[in-house]
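> One structure is given below, represented as structure tokens, and several questions about it will come after.
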Amino acid sequence: MTSGVTPEVELESFLPQPHSLNYFEHQDHKNMGIVGLTVDIPSSRRPDTRTDRKHSPPRWKTVEFKCYATIACIVIPIMFWIPMTLSSSTHPNYPLYAPRLSKGWMFGRKVDNSDDQYRSFRTNIPSLSAAALIYLTLKSLYVRIAGTSKPDSTHLIPFNLAFSILMLLALHGSSILKILLILTINFAIAKCCGPSKLAPWLIWTFNGAILLANDRYHGYVFGDIVPALSFLDEWDGLYPRWYISFNITMLRLVSFGMDYHWACKHPGKLNVDSNLNEKTRVSTVHSLEMYSFINYLSYAIYSPLYIAGPIMTFNDYVWQHRKPMSVTWRYTLGYLLRFLASLLTMEFILHFMYVVAIKNKKAWGGDTPAEISMIGFWNLVIVWLKLLIPWRFFRLWALLDNIDPPENMVRCMANNYSTFGFWRSWHRSYNLWIIRYIYIPMGGAKSVVLNSVLVFTFVALWHDLTFRLLAWGWLVSLFIIPELLASSVLPASKYDQRWWYRHVCALGAVGNMMMMMAANLVGFVIGTDGVQFFLQRLTGSIEGEFLVFSVFCMFVAAHLMFEYREEEMRHGIYRRC
Numbered sequence: 001m002t003s004g005v006t007p008e009v010e011l012e013s014f015l016p017q018p019h020s021l022n023y024f025e026h027q028d029h030k031n032m033g034i035v036g037l038t039v040d041i042p043s044s045r046r047p048d049t050r051t052d053r054k055h056s057p058p059r060w061k062t063v064e065f066k067c068y069a070t071i072a073c074i075v076i077p078i079m080f081w082i083p084m085t086l087s088s089s090t091h092p093n094y095p096l097y098a099p100r101l102s103k104g105w106m107f108g109r110k111v112d113n114s115d116d117q118y119r120s121f122r123t124n125i126p127s128l129s130a131a132a133l134i135y136l137t138l139k140s141l142y143v144r145i146a147g148t149s150k151p152d153s154t155h156l157i158p159f160n161l162a163f164s165i166l167m168l169l170a171l172h173g174s175s176i177l178k179i180l181l182i183l184t185i186n187f188a189i190a191k192c193c194g195p196s197k198l199a200p201w202l203i204w205t206f207n208g209a210i211l212l213a214n215d216r217y218h219g220y221v222f223g224d225i226v227p228a229l230s231f232l233d234e235w236d237g238l239y240p241r242w243y244i245s246f247n248i249t250m251l252r253l254v255s256f257g258m259d260y261h262w263a264c265k266h267p268g269k270l271n272v273d274s275n276l277n278e279k280t281r282v283s284t285v286h287s288l289e290m291y292s293f294i295n296y297l298s299y300a301i302y303s304p305l306y307i308a309g310p311i312m313t314f315n316d317y318v319w320q321h322r323k324p325m326s327v328t329w330r331y332t333l334g335y336l337l338r339f340l341a342s343l344l345t346m347e348f349i350l351h352f353m354y355v356v357a358i359k360n361k362k363a364w365g366g367d368t369p370a371e372i373s374m375i376g377f378w379n380l381v382i383v384w385l386k387l388l389i390p391w392r393f394f395r396l397w398a399l400l401d402n403i404d405p406p407e408n409m410v411r412c413m414a415n416n417y418s419t420f421g422f423w424r425s426w427h428r429s430y431n432l433w434i435i436r437y438i439y440i441p442m443g444g445a446k447s448v449v450l451n452s453v454l455v456f457t458f459v460a461l462w463h464d465l466t467f468r469l470l471a472w473g474w475l476v477s478l479f480i481i482p483e484l485l486a487s488s489v490l491p492a493s494k495y496d497q498r499w500w501y502r503h504v505c506a507l508g509a510v511g512n513m514m515m516m517m518a519a520n521l522v523g524f525v526i527g528t529d530g531v532q533f534f535l536q537r538l539t540g541s542i543e544g545e546f547l548v549f550s551v552f553c554m555f556v557a558a559h560l561m562f563e564y565r566e567e568e569m570r571h572g573i574y575r576r577c
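Residue 315 in full-length UniProt numbering is what sits at position 315 of the sequence shown, and the numbering runs on without skipping anything.
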């Protein structure tokens, strides 16, 4: 944790150099074809400097891939039809989960709004949209009234802070005092320790202790601490459980503390006029006076990203005010359309596939292995969407504010075959935070397995202090080992031109997909007992035939994913996921 090497030394391998420093002004969406479906990120576009790299000719029109496409056209509609059949009011299990359904708005259908986490966001979309509109309107008026000739936007930081405090008052009421006290103590620790070797340990210990205490004491009660202050407990705001979302804030507190620590140790030569991109904004330190209390508070509770992220580092946040981005309206409008498409997709699923209610009530008695597998699969799709949609909403809010936080979800949940690639594209901003503040300081690639166990243990405990998520973290750590071994035994640099290599990789991808689905079903859907039941049904003596069919379908899907990524590289897009 106190390694003498700062994260920027190794970060190059995790964040490829963008092809353009002004990313938003140099996007070319023409002739992108099918690869334009995947959301663009700055670090994915760069010239191919590897002269020995040979892209294979497109395989889409070969007999092999025409067969794959035919299979996909048959199987994918069946994957929709099965959960829709299970969600019919005429199904024998329908009465078991029907009480969990609510009145819907699509084609006279009921809606499965039984997921507590997504229901909270879905219900509050109008309120959050109004808050974003008020924020952007007031900020526009502030800019016009204040009027400044400064080329930077640092004069807007006090406005960000003032609005954020008002928003926290509305959300958490008197609990804002608890939040500000925690933030102040963290700031004091970072400032007092500075370049000291104790700084990382104290920062991490304090923030870890706060997470444990928040969970143990449920956000604390004024009356329990000082009886005379019990009247403050009556003013709890619109969202009293502030400690639930504080996990996100904790990441920002660590970011500020560690960024300041590295700035004290390695000040370097600062050139504000130099061009900065997504990578260098994170790793380039500021002069020490920029690590002020006002900048820190503004960053820690920045309104558009406060509730759920995406996560920005302190360095990045301040650089985007010192050297403002030029987020084009074309890009923002395209991102708005992506958000709306994701939202409507989720609405369609919730109105026609009641798999969350079925899962919660365990209403799968008498279902076939195919039906049970689709209950699990579509629950994972819903988990992906219920995270994707809020993250895109809050990132859209930030983009409208001319701030560009990292994109959290790069690929669709079903478009992943690599364990490493999956975690690079799932909650990407969190992954980048972990790389900078945990993985690299702990030694990085020098001990991949051990560091992965530590990382995923932290990730599990950070999400929730439960055995189910701890089991998920350890399973994920275990499941990365086969991919590591396969990569070392059959490296692409040596075998990728062999005719059989692609098919062997597809078989490995099938194993990865099955392990990732099992791990995520344990952690986020049905727990260890539910997965055991699923596996028993899928691998039974007769019903195991379905497992063979599933492996074949995933083998076909892996080949389609491989070719999709080859198509991206033919267009100069290189993603490590």
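Yeah, the Cβ is synthetic: ideal placement off N, Cα and C, and Gly gets one too.
As the structure is a computational prediction, the values presented were derived from the model and not from experiment.
Less than 8 Å between the CB atoms is what I'm expecting for residue 175 and residue 240, so what's the real figure, rounded?
Taking the first residue of the sequence shown as position 1, residue 175 is located at position 175. Taking the first residue of the sequence shown as position 1, residue 240 is located at position 240. The Cβ separation is near 7 Å, so the contact holds.
> Taking the straight line between their C-alpha atoms, what separation do you get for residue 361 and residue 96?
Position 361 of the sequence shown, counted from the start, is the residue given in the question as residue 361. Position 96 of the sequence shown, counted from the start, is the residue given in the question as residue 96. Their backbone Cα atoms lie some 7 Å apart in a straight line.
> Distance check for residue 571 and residue 55, CA to CA, integer angstroms please.
For this step, residue 55 is matched to residue 55 along the sequence shown. For this step, residue 571 is matched to residue 571 along the sequence shown. Whole-angstrom Cα-Cα distance: 10 Å.
> Hey, residue 375 and residue 83 are a contact pair by Cβ (cut 8 Å); roughly how many whole angstroms apart?
The residue you call residue 375 lines up with position 375 of the sequence shown. The residue you call residue 83 lines up with position 83 of the sequence shown. Between residue 83 and residue 375 the Cβ distance is about 7 Å, and since that is below 8 Å, they are a contact.
> Could you compute how far the alpha carbon of residue 152 sits from the alpha carbon of residue 507?
For the purposes of this step, residue 152 is taken as residue 152 along the sequence shown, with counting starting at 1. For the purposes of this step, residue 507 is taken as residue 507 along the sequence shown, with counting starting at 1. When rounded, the distance between both Cα atoms is 52 Å.
> Should residue 115 go down as buried or exposed, given a rule of 16 or more other Cβ atoms within 10 Å for buried?
Working through the sequence shown from its first residue, we reach residue 115 at position 115. The residue in question, residue 115, is buried, as its Cβ has 16 or more Cβ neighbours within 10 Å.
> Where does residue 386 land, buried or exposed, given buried means 16+ other C-beta within 10 angstroms?
Numbered from its first residue, the sequence shown carries residue 386 at position 386. Counting Cβ neighbours within 10 Å, residue 386 comes out buried, since at least 16 surround it.
> Skipping 5 residues on each side, what residues in its chain have a beta carbon closer than 8 Å to that of residue 519?
Taking the sequence shown and counting its residues from 1, the one referred to as residue 519 is at position 519. Contacts found: 472, 475, 476 and 479.
> So does the region 308-321 actually touch the region 271-291, counting three or more Cβ pairs closer than 8 Å?
Yes: at least three Cβ pairs fall under 8 Å.
> Please classify residue 565 as buried or exposed, where buried requires at least 16 neighbouring CB atoms within 10 angstroms.
The count along the sequence shown starts at 1 and reaches residue 565 at position 565. Buried, since its Cβ has 16 or more Cβ neighbours within 10 Å.
> Roughly how many angstroms lie between the CA atoms of residue 129 and residue 150, to the nearest whole one?
The residue labelled residue 129 in the question sits at position 129 within the sequence shown. The residue labelled residue 150 in the question sits at position 150 within the sequence shown. For residue 129 and residue 150, the distance between alpha carbons rounds to 30 Å.
> Are the beta-carbon atoms of residue 357 and residue 93 separated by less than 7 Å?
Along the sequence shown, one-based indexing puts residue 357 at 357. Along the sequence shown, one-based indexing puts residue 93 at 93. Cβ distance not < 7 Å, so residue 357 and residue 93 don't count as in contact.
> For the candidate residues 259, 337 and 275, whose alpha-carbon lies nearest to that of residue 313?
For the purposes of this step, residue 313 is taken as the residue at position 313 of the sequence shown. Of 259, 337 and 275, the residue nearest in Cα terms is 259.
> Would you list, in sequence order, the uninterrupted alpha helix (DSSP H) runs of no fewer than 4 residues that lie entirely inside the region 61-104?
The qualifying runs are 63-86 and 94-97.
> Closest to residue 127 by CA distance: which of 162, 170, 421 and 459 is it?
Walking along the sequence shown from the start, residue 127 turns up at place 127. Among 162, 170, 421 and 459, the Cα nearest to that of residue 127 belongs to 170.
> Measure the CB-CB distance between residue 407 and residue 179 and report whether it falls below 7 Å.
As a first step, residue 407 must be located in the sequence shown, where it is residue number 407. As a first step, residue 179 must be located in the sequence shown, where it is residue number 179. Cβ atoms of residue 407 and residue 179: not closer than 7 Å.
> Got a sec, what are the start and stop residues for the alpha helix (DSSP H) residue 164 sits in?
The residue you call residue 164 lines up with position 164 of the sequence shown. Here the alpha helix (DSSP H) through residue 164 covers 157-172.
> Rounded to the nearest angstrom, how far is the Cβ of residue 394 from that of residue 304, given a contact under 8 Å?
If you number the sequence shown from 1, residue 394 lands on position 394. If you number the sequence shown from 1, residue 304 lands on position 304. About 6 Å; that satisfies the 8 Å criterion.
> What residues match up with residue 111 in a beta bridge as DSSP calls it?
Within the sequence shown, the letter at position 111 stands for residue 111. DSSP, once it has assigned bridges, lists 102 as partnering residue 111.
> Tell me the DSSP secondary structure of residue 323 in three-state form.
Translated into the one-based positions of the sequence shown, residue 323 becomes position 323. Here residue 323 sits in coil by DSSP.
> Could you tell me which of 163, 162 and 105 sits nearest to residue 350, measuring between CA atoms?
Along the sequence shown, one-based indexing puts residue 350 at 350. The shortest C-alpha separation from residue 350 is found at 105.
> For a test of the three-state rule: what should DSSP assign to residue 210, helix, strand or coil?
Locating residue 210 in the sequence shown gives position 210, where the first residue counts as 1. It is helical.
> Would residue 224 be called buried (16 or more neighbouring beta carbons within 10 Å of its own) or exposed?
Reading the sequence shown from its first residue, position 224 is the one you call residue 224. Residue 224 is exposed by the Cβ-count criterion.
> Taking Cβ positions only, does residue 391 come closer than 7 Å to chain D?
Here there is only one protein chain, and chain D is not present.
> Starting from residue 312, trace the alpha helix (DSSP H) in both directions and tell me its first and last residue.
Indexing the sequence shown from 1 puts residue 312 at position 312. No alpha helix (DSSP H) contains residue 312, which DSSP labels as neither H nor E.
> Answer with buried or exposed for residue 404, where buried requires no fewer than 16 other C-beta atoms within 10 angstroms of its C-beta.
As a first step, residue 404 is located in the sequence shown; it is residue number 404 there, counting from the start. It counts as buried.
> So what does DSSP say about residue 408, is it helix, strand or coil?
On the sequence shown, residue 408 is found 408 positions in, with the first residue counted as 1. Residue state, collapsed to three classes: coil.
> Measuring alpha carbon to alpha carbon, tell me which of 163, 228 and 383 ends up nearest residue 299.
Along the sequence shown, one-based indexing puts residue 299 at 299. Out of 163, 228 and 383, 163 has the C-alpha closest to the C-alpha of residue 299.
> Within the chosen definition, does the region 241-252 reach the region 202-213 through at least 3 CB pairs nearer than 8 Å?
Judged by Cβ distances under 8 Å, the region 241-252 makes contact with the region 202-213, as three or more pairs qualify.
> Using only CA atoms, which one of 88, 200 and 372 lies nearest to residue 521?
Reading the sequence shown from its first residue, position 521 is the one you call residue 521. Minimum Cα distance to residue 521 is reached at 372.
> According to DSSP, is residue 38 helix, strand or coil?
The residue given as residue 38 occupies position 38 in the sequence shown. Three-state DSSP puts residue 38 in coil, outside helix and strand.
> Just verifying my parser: in three-state terms, what is the DSSP assignment at residue 497?
Position 497 of the sequence shown, counted from the start, is the residue given in the question as residue 497. In this structure, residue 497 counts as coil in the three-state DSSP scheme.
> Using only the alpha-carbon positions, how far apart do residue 302 and residue 309 sit?
Here residue 302 is taken as the residue at index 302 of the sequence shown, counted from 1. Here residue 309 is taken as the residue at index 309 of the sequence shown, counted from 1. Cα to Cα, the separation comes out at about 10 Å.
> Return helix, strand or coil for residue 223, following the three-state DSSP convention.
The sequence position of residue 223 within the sequence shown is 223, counting from 1. If DSSP states are grouped into helix, strand and coil, residue 223 belongs with the helices.
> Please look up how many angstroms separate the CB atoms of residue 59 and residue 568, rounded, as I've assumed it's under 8 Å.
Counting from one through the sequence shown, the residue named residue 59 turns up at place 59. Counting from one through the sequence shown, the residue named residue 568 turns up at place 568. 14 Å between Cβ atoms; not a contact.
> For residue 147, count neighbouring Cβ atoms within 10 angstroms of its own Cβ and tell me buried if that reaches 16, exposed if not.
Taking the first residue of the sequence shown as 1, we reach residue 147 at position 147. Residue 147 should be labelled exposed.
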